[in-house]
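Per this note's numbering, the sequence shown runs over residues 78 to 195.
Think of the CB as a built atom: it goes at the ideal place given N, C-alpha and C, for glycine as much as any other residue.
Have a look at the structure below, then the notes.
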Amino acid sequence: MADRRGDFGRRGEDAACAYLLRHGYSIVERNYRCRRGEIDIIAAKDGGAVFVEVKTRRSLKFGTPGMAVTYAKQQKIRTAALHYLQQCGGGYNKIAFDVIEIVADDGKAKLRHLQNCF
Numbered sequence: 078m079a080d081r082r083g084d085f086g087r088r089g090e091d092a093a094c095a096y097l098l099r100h101g102y103s104i105v106e107r108n109y110r111c112r113r114g115e116i117d118i119i120a121a122k123d124g125g126a127v128f129v130e131v132k133t134r135r136s137l138k139f140g141t142p143g144m145a146v147t148y149a150k151q152q153k154i155r156t157a158a159l160h161y162l163q164q165c166g167g168g169y170n171k172i173a174f175d176v177i178e179i180v181a182d183d184g185k186a187k188l189r190h191l192q193n194c195f
């Protein structure tokens with residue numbers, strides 16, 4: 078049985094996928110894992126690969142969700158993305174690293190898409 082935190086994060090990732098699909102992206106893979114790291118969502122749009130980190134929070138008490146994507150986390154995502162591209166290829170003509178922030182406060186969720194942010 079998954080814990081509440083895991084369920085909360087998974088619902089955030091589901092919302093992020095729905096948002097991306099509504100905005101013309103296709104979802105290539107979710108929760109890609111390798112020894113070097115993990116990528117929440119790998120999406121594609123206009124011939125490019127987009128590696129998306131999703132951060133879901135219940136409040137802004139400790140800052141915006143995107144603030145949790147530290148330099149070290151960015152490096153792990155980049156390394157995992159390189160591994161994915163080497164293993165899976167895909168013939169992408171460009172790559173991007175995005176963050177989707179979701180704040181679920183008072184029963185309402187607010188989503189913000191930060192494109193090409195690292």
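Residue i classed as buried or exposed, judged by whether at least 16 other C-beta atoms fall within 10 angstroms
{"i": "A186", "result": "exposed"}
{"i": "C94", "result": "buried"}
{"i": "K171", "result": "exposed"}
{"i": "K138", "result": "exposed"}
{"i": "D175", "result": "buried"}
{"i": "G140", "result": "exposed"}
{"i": "E130", "result": "buried"}
{"i": "G89", "result": "buried"}
{"i": "L98", "result": "exposed"}
Three-state secondary structure assigned by DSSP to residue i
{"i": "G184", "result": "coil"}
{"i": "D84", "result": "helix"}
{"i": "Y96", "result": "helix"}
{"i": "I179", "result": "strand"}
{"i": "Y161", "result": "helix"}
Residue i: CB within 6 Å of a non-hydrogen atom of the ligand NAD
{"i": "K171", "result": "With respect to small molecules bound, the structure shown includes none, and the ligand NAD cannot be examined in it."}
Opposing strand residues paired with residue i [DSSP bridges]
{"i": "R110", "result": "E115"}
{"i": "I154", "result": "I154 is not bridged to any residue."}
{"i": "A173", "result": "V127"}
* Does the pairing of the stretch 90–104 with the stretch 145–154 give three or more beta-carbon distances under 8 Å? -> no
* Ignoring anything shorter than 3 residues or poking outside the stretch 112–138, list the beta strand (DSSP E) runs there in chain order. => 114–122, 125–134
* Asked: Is the stretch 125–141 touching the stretch 177–192 in the sense that three or more CB pairs, one from each, lie closer than 8 Å?
  -> yes
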